[in-house]
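Below is one structure, written out as structure tokens, with a few remarks after it.
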Amino acid sequence: MKKLRKETKNNLITYGIVILTYIIVQILVATGNMSSLMQGLLVPFCTYVIVAISLNLTVGVLGELSLGHAGFMCVGAFSSALFSLAVKDSFTVAPLRFLCAILIGALSAALIGFLVGIPVLRLRGDYLAIVTLAFGEIIKNIINAIYLGIDGNGIHISLKDAMSLGLSEDGRMLIKGAQGITGTPHDSNFTIGVVLVLVTLFIVLNFMDSRSGRAVMSIRDNRIAAESVGIDVTRYKLIAFTISAALAGVAGVLYAHNLSTLNAQPKNFGYNMSILILVFVVLGGIGSMRGSMIAAVLLTLLPEVLRFMADYRMLIYAIVLIVMMLFNWSPDAINMRKRLMAKIFPKKSQKEEA
Amino acid sequence: MSFLSYLANGISLGSVYALIALGYSMVYGIAKMLNFAHGDVIMIGGYVVFVGVSNMGVHPLLAILISMVVCTILGVTIERVAYKPLRGASPLAVLITAIGVSYLLQNIALLIFGSDTKAFTNVVTLPNLSLFDGKLVISSVTIVTIVVSIVIMIGLTLFVNKTKAGRAMTAVSEDKGAAQLMGINVNGTIALTFAIGSSLAAVAGVLLCSAYPSLTPYTGSMPGIKAFVAAVFGGIGSIPGAFIGGILLGVIENLSKAYISSQLSDAIVFSVLIIVLLVKPTGILGKNIQEKV
């Protein structure tokens with residue numbers, strides 16, 4: 001057998017972890033060892049894993065801080081839910097309909113990502129972060145104000161209220177402003193979620209290993225040097241950002257088709273959500289897809305595991321978050337860990353130093 | 001006339017944003033970190049005054065002083081416990097820690113005060129200003145807010161430019177290493193910045209709650225984000241910039257609420273920010289830093 005490259009091996013381990021987790025979960029469900037609460041969390045896990053990987057593409061590979069990823073998720077969720085709801089009665093093959101919904105969600109999120117990316121990627125650092133945050137809030141705000149209905153005369157859109165649509169008697173309201181979309185078919189399930197996670201991983205890991213991916217990483221490491229060897233900085237940044245937005249859109253599709261009511265609240269599509277996704281990425285390790293996956297699952301699980309503490313659970317969550325960050329990143333803690341490792345494994349650390 | 005009253009309300013809201021933005025901006029300038037917990041310090045400041053005035057019957061002015069002291073201690077403690085150990089670590093790590101602190105403060109408030117909305121008693125008991133034979137009434141809260149913000153802004157500018165401690169703050173924000181070599185106590189200066197920022201947050205909290213008298217554990221987070229936007233708007237790190245950014249943001253928000261759409265006002269505020277940043281990427285009064293290879 002041909003010896004595998006280190007990267008390939010590493011990637012295979014990542015895929016393996018996902019598949020293994022899937023098998024274990026399926027066994028747990030089949031033997032009845034999983035509570036219905038946990039089963040209800042399975043699709044959200046996949047959603048958060050996908051969006052964490054997608055943000056890691058922006059933060060870890062492209063090296064830019066985006067605080068608006070929930071906005072792209074929102075676009076994916078609403079465009080696909082709108083499609084599914086509109087064709088619910090005429091298009092009854094659920095898997096095929098969901099596939100179309102995913103494509104629509106991904107494409108519309110990619111389009112918005114591209115349009116947002118053109119101006120945003122000119123900025124740098126914290127300014128870029130604040131503008132992505134602003135875009136995320138604008139998207140959420142506009143979606144909250146949209147009323148959309150359909151009747152014999154075609155599609156009606158209004159930003160004011162339901163009355164101004166002027167729908168005829170046989171018309172149907174699809175988006176009801178702040179109440180959002182109700183009655184989206186429940187097309188997603190855990191298996192589809194895991195398949196989507198694998199596809200996302202495949203896209204991102206292969207992108208990182210491709211010519212464009214290397215160009216993007218060279219921009220992250222030294223923009224001026226990359227520019228001087230002829231890399232089109234804007235183009236490659238846009239490519240990475242658009243892919244990242246599209247994947248966040250896919251996560252949105254999964255999210256939308258797991259709920260019967262979809263509305264854009266600060267909690268699910270606001271900057272709070274964007275920040276939560278960023279927490280997954282930073283805690284899991286910037287640039288490490290596997291880390292993002294694990295952090296997304298653990299941090300989604302933590303509040304549920306702490307449920308027995310009732311009112312104290314979010315408090316504990318916050319403390320755990322702070323302590324983990326201090327332990328992982330503080331220069332003192334890193335030195336202490338190194339010294340500790342040197343004491344326990346004296347040989348290994350000596351080798352590392354040499 | 002209604003335009004003038006919308007404008008006055010906008011300036012008043014903007015002054016609150018400006019006070020919060022000053023805290024954001026000073027901390028950013030000196031510690032190069034986005035202190036996401038700043039908005040929640042405002043909320044704590046509001047609760048302290050609420051408890052003092054409504055539950056204990058303390059005189060409002062005394063309650064505000066107590067609130068400033070509590071917030072100052074809180075700000076310095078947060079800096080010492082959560083941010084100082086991360087000095088020298090990646091800015092992203094500090095950002096996430098700040099988010100953790102923000103969650104922590106919100107949940108402490110949730111545990112102590114519950115999630116129900118508290119009706120904040122207005123601490124400003126002066127008569128309202130009536131102009132043009134009562135056609136235009138500007139509430140006393142509005143006037144007090146504007147006056148207090150202007151006084152604080154001038155005071156802060158004088159402090160930073162004229163006193164030794166203020167000059168030390170400028171020096172540390174320019175170059176930490178060089179400042180240390182000049183004998184400036186860098187850690188002390190950073191702690192002082194947090195102290196000033198947090199006490200301003202307490203004042204902002206009181207003014208915000210007097211103008212919009214409802215207090216929940218999440219009261220601070222949206223004004224916090226808006227103030228951050230204001231700080232970026234005016235050029236982050238600059239005191240007059242934060243002030244101008246805050247006022248502009250408040251005015252745009254109130255006018256678009258009144259004349260365009262109340263649902264889309266946030267979208268309009270953020271769109272203006274984006275346009276400003278695209279034309280002038282470092283904000284209105286921000287300094288352009290030349291990039292070197």
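Chains G and E, in that order, give the protein sequences.
Positions 1 to 354 (our numbering) are the ones given, in order, by the first sequence.
Positions 1 to 293 (our numbering) are the ones given, in order, by the second sequence.
Positions of the beta carbon are idealized from the N, C-alpha and C atoms, including for glycine.
Less than 8 angstroms between the C-beta atoms of residue i and residue j, yes or no?
| i | j | result |
| --- | --- | --- |
| E/G235 | E/G241 | yes |
| G/A77 | G/G105 | yes |
| E/I244 | E/I284 | yes |
| E/A211 | E/S12 | yes |
| G/A81 | G/L262 | yes |
| E/P281 | G/Y127 | yes |
| G/R172 | G/I157 | no |
| G/F45 | G/T300 | yes |
| E/H59 | E/G224 | no |
| G/A129 | G/L201 | no |
| G/A70 | G/G270 | yes |
| E/M26 | E/I150 | no |
| G/V204 | G/M289 | yes |
| E/A82 | G/I322 | yes |
| E/L247 | E/V272 | One detail in the question is off: residue 247 of chain E reads as Ile in this sequence, not Leu. Against a cut-off of 8 angstroms, the Cβ pair of E/V272 and E/I247 comes out as no contact. |
| G/A264 | G/I50 | no |
| E/G29 | E/F194 | no |
| G/L133 | G/S260 | no |
| G/P266 | G/N272 | yes |
| E/M43 | E/A98 | no |
| E/V229 | E/G45 | no |
| G/S244 | G/L55 | yes |
| G/A240 | G/L123 | no |
| E/F120 | E/P213 | yes |
| G/I138 | E/F270 | yes |
The alpha helix (DSSP H) that contains residue i, what's its start and end?
| i | result |
| --- | --- |
| E/G241 | 239-259 |
| E/V276 | 265-279 |
| G/N56 | 36-56 |
| G/M217 | 211-221 |
| E/N35 | Careful: E/N35 lies outside any alpha helix (DSSP H) and carries neither H nor E. |
| G/D332 | 331-344 |
| G/G76 | 69-86 |
| E/A98 | 91-113 |
| G/P266 | 266-269 |
| E/N187 | 186-211 |
| G/S66 | Premise fails: G/S66 is in no alpha helix (DSSP H) and is neither H nor E. |
| G/T8 | 6-30 |
| E/P60 | 60-78 |
| E/I11 | 2-31 |
| E/A227 | 221-234 |
| E/P85 | That residue, E/P85, is in no alpha helix (DSSP H); it is neither H nor E in DSSP. |
So residue i contacts chain A; which residues on that side make the cut at Cβ distance below 7 angstroms?
| i | result |
| --- | --- |
| E/L34 | The structure shown contains no chain A; the protein chains it does contain are G and E. |
Could you name the residues of chain E that residue i contacts, counting a contact when the two beta carbons are closer than 9 angstroms?
| i | result |
| --- | --- |
| G/I286 | S90, L92 |
| G/P331 | P85, L86, R87, G88, A89 |
| G/A264 | What G/A264 touches in chain E: nothing, since even the nearest Cβ is about 12 angstroms away. |
Quick one: what's residue i bridged to in DSSP?
| i | result |
| --- | --- |
| G/G149 | G/H156, G/M173 |
| G/L96 | Partner(s): none; G/L96 has no beta bridge. |
| G/I181 | G/L262 |
| E/L129 | E/I138 |
| E/A119 | E/S214 |
Starting from residue i, follow the beta strand (DSSP E) in both directions and report where the run begins and ends.
| i | result |
| --- | --- |
| E/V137 | 136-138 |
Residues of chain G with CB closer than 9 angstroms to the CB of residue i, please, in chain order.
| i | result |
| --- | --- |
| E/F194 | Going along chain G, no residue has its Cβ under 9 angstroms from E/F194, so there is no contact; the nearest lies around 16 angstroms. |
| E/F228 | I130, L133 |
| E/P281 | R122, L123, R124, Y127 |
| E/A82 | I322, M325, L326 |
Can you list the residues of chain G that residue i reaches, using a CB-CB cut of under 7 angstroms?
| i | result |
| --- | --- |
| E/V232 | Y127, I130 |
| E/I225 | Y271 |
| E/L19 | By Cβ distance, chain G contributes nothing, its closest Cβ being about 19 angstroms from E/L19, past 7 angstroms. |
Please list, in chain order, the chain E residues whose beta carbon lies closer than 7 angstroms to that of residue i.
| i | result |
| --- | --- |
| G/M314 | Y103, N107 |
| G/I319 | L104 |
| G/D311 | L111 |
Mind listing the chain G neighbours of residue i? Cutoff is C-beta to C-beta under 8 angstroms, in chain order.
| i | result |
| --- | --- |
| E/I190 | Neighbours of E/I190 on chain G: none; closest Cβ ~16 angstroms, over 8 angstroms. |
Report the neighbours of residue i on chain E: residues whose CB is nearer than 8 angstroms to its CB, in chain order.
| i | result |
| --- | --- |
| G/L340 | The contacting residues do not exist; G/L340 stays about 17 angstroms from chain E at best. |
Contact set between the region 86-112 of chain E and chain G, restricted to residues whose Cβ is under 9 angstroms from the partner: L86, R87, G88, A89, S90, P91, L92, A93, V94, L95, I96, T97, I99, G100, V101, S102, Y103, L104, L105, Q106, N107, I108, L110, L111
Report the residues of the region 259-276 of chain E with a CB closer than 8 angstroms to any CB of chain G, ordered along the chain. S261, Q263, L264, D266, A267, F270, S271, L273, I274
With 8 angstroms as the C-beta to C-beta threshold (strictly closer), list the residues of the region 133-152 of chain G near chain E in chain order. L133, A134, F135, E137, I138, N141, I142, N144, A145
Quick one: which residues of the region 104-123 of chain G get their C-beta closer than 9 angstroms to a C-beta of chain E? List them in chain order. P119, V120, R122, L123
Closer than 8 angstroms between beta carbons: that is the criterion. Which residues of the region 279-306 of chain G meet it against chain E? V279, V282, L283, I286
Chain E contacts made by the region 33-55 of chain G, where a contact means CB separation under 8 angstroms: none
Could you run through the region 210-221 of chain G and flag, in chain order, every residue whose CB is less than 7 angstroms away from some CB of chain E? none
Using a Cβ-Cβ cut-off of less than 7 angstroms, list which residues of the region 244-275 of chain G approach chain E; keep chain order. Y271, I275
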